[in-house]
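Read in my numbering, the sequence shown has 68 at position 66, and its numbers run on one by one without any break.
A virtual CB, placed ideally from N, CA and C, is assigned to each residue, including glycine.
These notes concern the structure reproduced below.
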Amino acid sequence: MFKSPVYDIRAVKVSKIKANNYSPNRVAPPEMKLLYENIKNDGYTMPIVCYYDKKKNKYIIVDGFHRYTIMKQYKRYL
Numbered sequence: 003m004f005k006s007p008v009y010d011i012r013a014v015k016v017s018k019i020k021a022n023n024y025s026p027n028r029v030a031p032p033e034m035k036l037l038y039e040n041i042k043n044d045g046y047t048m049p050i051v052c053y054y055d056k057k058k059n060k061y062i063i064v065d066g067f068h069r070y071t072i073m074k075q076y077k078r079y080l
């Protein structure tokens, strides 16, 4: 039976995650601040979706680049 990868959630060290280089959208500073405030108040409610690159030994982001950016930028506050 097929098991969807969405059921294989793992905690991964941030140092093992790498941003992709094809994220097409940009978020204005006020919206990034709002995302920060939401994460600060509610925690991370959605996972950062990645695939594992064996050659690089890294998890490459598919979805969640902006959550990752907040995580890296404000790591001592969250």
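- Short of 8 Å from the beta carbon of L37, and not among the five residues preceding or following it, lie these beta carbons of its own chain, in chain order: V29, H68, R69 and I72.
- For N27, there are no CB contacts under 6 Å within the same chain when 5 residues up- and downstream are skipped.
- Taking 8 Å as the upper bound for CB-CB distance, Y46 and V14 are not in contact here, some 13 Å apart.
- Within 10 angstroms of the beta-carbon of I11 lie fewer than 16 other beta-carbons, which makes it exposed.
- Shown here for C52: same chain residues with a beta carbon closer than 7 Å to its own, the five before and five after excluded, namely I19, Y61, I62, I63 and V64 in chain order.
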